[in-house]
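Residue numbers (this note's numbering), protein chains in the order written: chain A, 1 to 351; chain B, 1001 to 1351.
Notes to accompany the following structure.
Number of protein chains: 2
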Amino acid sequence: MKSREIRLVRRPEGWPQPSDFSEAVVDVPPPKAGEVTVRNLFMAMDPAMRGRMTDARSYVPPFELDAAMEGSAIGEVVASEADEFSPGDIVLSSLGWRQAFTAPASAVALRDCSRLPPEMWLHATGITGLTAYAGILRIAEIRPTDLIFVSAAAGAVGSLACQIAKIKGNRVIGAAGGPRKAAYLRDELGLDGVVDYKAEPNLTRALAREVRALGEESIDVYFDNVGGEHLQAAIALAKPHARIALCGMISQYNSTDRPDVPRNLFLLMGKRIRMQGFLASDHRDIEPYLVADMTAWHMAGLLKSTVTVSEGVENAVEAFLGLFRGDNTGRTLVRLGEPSARAALPAARTA
Amino acid sequence: MKSREIRLVRRPEGWPQPSDFSEAVVDVPPPKAGEVTVRNLFMAMDPAMRGRMTDARSYVPPFELDAAMEGSAIGEVVASEADEFSPGDIVLSSLGWRQAFTAPASAVALRDCSRLPPEMWLHATGITGLTAYAGILRIAEIRPTDLIFVSAAAGAVGSLACQIAKIKGNRVIGAAGGPRKAAYLRDELGLDGVVDYKAEPNLTRALAREVRALGEESIDVYFDNVGGEHLQAAIALAKPHARIALCGMISQYNSTDRPDVPRNLFLLMGKRIRMQGFLASDHRDIEPYLVADMTAWHMAGLLKSTVTVSEGVENAVEAFLGLFRGDNTGRTLVRLGEPSARAALPAARTA
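In structure tokens:
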């Protein structure tokens, strides 16, 4: 069995380039005792991968050069010499950018797809879902009357953060770049206010306008995915005792300069704002509630589409680079294969 | 009865000047029904007064022009037509920069000085004490092994924050400007590390040196009184899950430019730092514990001197301007008078 894979061959400076990657075809050996062979169905693209391409100290180690890129994937067991797995099982792994692999059973984890489509484990019930869920419910501690501002609201985490808050009944203002994304926020996600930051000379004024259009003067919660000007606008418009969940600063992943905004941090004091950075990995304890809620919302038909799917491992680099061009709405997935007839999925798939 | 008072006659731009103030002598009428006449013993100088000199929207209204400056004072009731008060009672008021006044009984509050000297109600058991106490214990939530960094550590709030943490048994690194203050932190307050920021070209490097001298690599808590470069250094040296209590940004009270540091806010995410602004006024509920603890620590002789006292209302402006020159250590008080023989104080004052 052969597998096509994508390798990192050079550490990018600034924006990643196609030439930082190469493609290779490798043999996938049959499983030895305790191993499984998995054919991937979907893999997920994550802006945080950019950080791991740099050889710098961080909370996760950097990617190796000349090796296949790591990343979350959901796949189907096609051969097993491990007692815990049988062919047809759907499993999550982090070996990423390849069509298939053989690995110790400990490298994969069974996922129940009897009520959820496999790709949901890469998003709504996966790490992006946990990030949105923990950020909105545990870090920002939203309350029923809160007006919530979300930046990068058309992104993977942002779109789920918006949806969780909307399903809970809160009003949500989202910011995103460009008319296509703004339309997505308004028409698909049904947000109560939308800021197209690329069309606005002054982000604070634009946010203020959306807040006032809802009959309010301030926001209670800001779910921050970008930092910089968005964070400054949120602080300026924040109500006393507002909460800010710092989730990501995608605007800075490719930056070689240090950001010089926000410049209004002194407002945190008078407004008694709580600003908290977080990583989903600290909140694994609430995963069962994430899965329970997302399953119910999926079965109820309440979850809007928050994925953009590319086809084939050969398009993975292009899909990844698209994250930084801001091409996509929602989570960026790459379809690597189709499930077999014996895959452990419901006969009629719900999604 | 006459009273000398200090009035604000012009709203300062940037640093306040002596010419922004004037002195006047007024008649203090005898109390009418429901009123008391109070002779002030001490008044307190507060950097936050600078904010109220500006006619800008804030969490408290601005001072009026051509009226006596408001501010906390502790005094002795010398005449009373109110049932609640008798001559000799020690009372707290916020009518500030004057030797004496007649006011409705509701404008003053009785303070128990049987175990504490009157001026302690302007500091350790007053609003600066509550700020330090709530900030260290409730906002920063210090734990027994935490290494704590305090900026403006020789200031009113900072010196108490340091002391609370030291009395609890924590290790504390303090930052202050100039050799006199550095010596105060080391010799008087007994801090474990000291940074004289005026002598250091790089604050982050200086803090790192003090941290390593204690055998540590990072700080757990930062009690921020200044913002800017200090905040940036603290974020750089913070341990994962560190807590930052934002108490004041004195370096910015006179600033007409917006600060352009910290520029490392993105670290809040990976380090999961919680940064929280707060105002003591939200924490009145723990005042009884503040008073109980400070009383015990005072009686035990554990509290070091954290006041600088000027003599006479005519030196109030000079004492106030000194706050912004960084002249003083601890709380700046002005002595306005001596208690009478009938003041409700213990026969032998404990000090």
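Using N, Cα and C, we set each Cβ at its ideal position, and we do this for glycine too.
Around the Cβ of A/SER94, a 10 Å sphere holds fewer than 16 other Cβ atoms; the residue is exposed. Within the DSSP bridge table, the entry for B/PHE1149 names B/ILE1173, B/TYR1222 as partners. With fewer than 16 other beta carbons inside 10 angstroms of its own, A/SER114 counts as exposed. Of all C-beta pairs linking the segment 1131 to 1150 of chain B to the segment 1064 to 1079 of chain B, fewer than three are shorter than 8 Å, placing the two stretches out of contact. Per the C-alpha coordinates, the member of B/ALA1206, B/CYS1247, B/ALA1213 positioned closest to B/ALA1236 is B/ALA1206.
Between B/GLY1126 and chain A, the shortest Cβ-Cβ separation is not below 7 Å. When A/ALA100, A/ARG52, A/PHE223, A/MET43 are compared, the shortest CA-CA separation from A/GLY248 is found for A/PHE223. For A/ASN202, the number of other beta carbons within 10 angstroms of its own is below 16, and it is reported as exposed. Distance from the CA atom of A/GLY96 to the CA atom of A/ALA107, rounded to whole angstroms, is 12 Å. Between A/GLY228 and A/LYS198, the gap from beta carbon to beta carbon reaches 7 Å or more.
For B/LEU1116, there are no neighbours in chain A by C-beta distance under 8 Å, as the nearest C-beta there is about 29 Å away. Here A/VAL28 carries a coil assignment [DSSP, helix/strand/coil]. For B/VAL1317, the uninterrupted alpha helix (DSSP H) run begins and ends at 1316 to 1325, by DSSP.
The continuous stretches of beta strand (DSSP E) do not include B/PRO1179, which lies in the alpha helix (DSSP H) extending over residues 1179 to 1183. With three or more CB-CB distances shorter than 8 Å, the segment 1159 to 1172 of chain B counts as touching the segment 1299 to 1318 of chain B. Taken residue by residue, none of the segment 1124 to 1153 of chain B has a beta-carbon sitting less than 8 Å from a beta-carbon on chain A. Against chain B, a Cβ distance below 7 Å from A/ILE273 picks out GLY1277.
Counted as a single uninterrupted DSSP element, the stretch harbouring A/ARG143 is not any alpha helix (DSSP H), since DSSP gives it neither H nor E. Contact check between the segment 1086 to 1093 of chain B and the segment 1018 to 1028 of chain B: fewer than three CB pairs, one atom from each, fall below 8 Å, which does not count as touching. Assignment of A/PRO16 by DSSP, reduced to helix, strand and coil, places it in the coil class.
For A/MET269, the secondary structure class from DSSP, reduced to helix, strand or coil, is helix. Remark: C-beta atoms of B/ARG1335 and B/HIS1123 do not approach each other more closely than 7 Å. Proximity of B/ASP1260 to chain A, defined by a Cβ-Cβ separation below 7 Å, is satisfied. Collapsing the DSSP output to three states places A/ARG205 in a helix.
Listed in chain order, the positions of the segment 61 to 89 of chain A with a beta carbon within less than 8 Å of a beta carbon of chain B would be empty, since no residue qualifies. Inside the segment 1088 to 1141 of chain B, DSSP marks whole beta strand (DSSP E) runs of 3 or more residues at positions 1090 to 1093, 1100 to 1104, from first to last along the chain.
Taking one beta carbon from each stretch, the segment 185 to 195 of chain A and the segment 168 to 177 of chain A have 3 or more pairs nearer than 8 Å; the two touch. Contact annotation for A/LEU246 against chain B: LEU1268, MET1269 [CB-CB distance below 7 Å, chain order]. Cβ atoms of A/ARG52 and A/VAL60 come within 8 Å of each other, at about 6 Å.
For B/LEU1333, the closest C-alpha among the options B/THR1128, B/SER1218, B/GLU1200 is that of B/THR1128.
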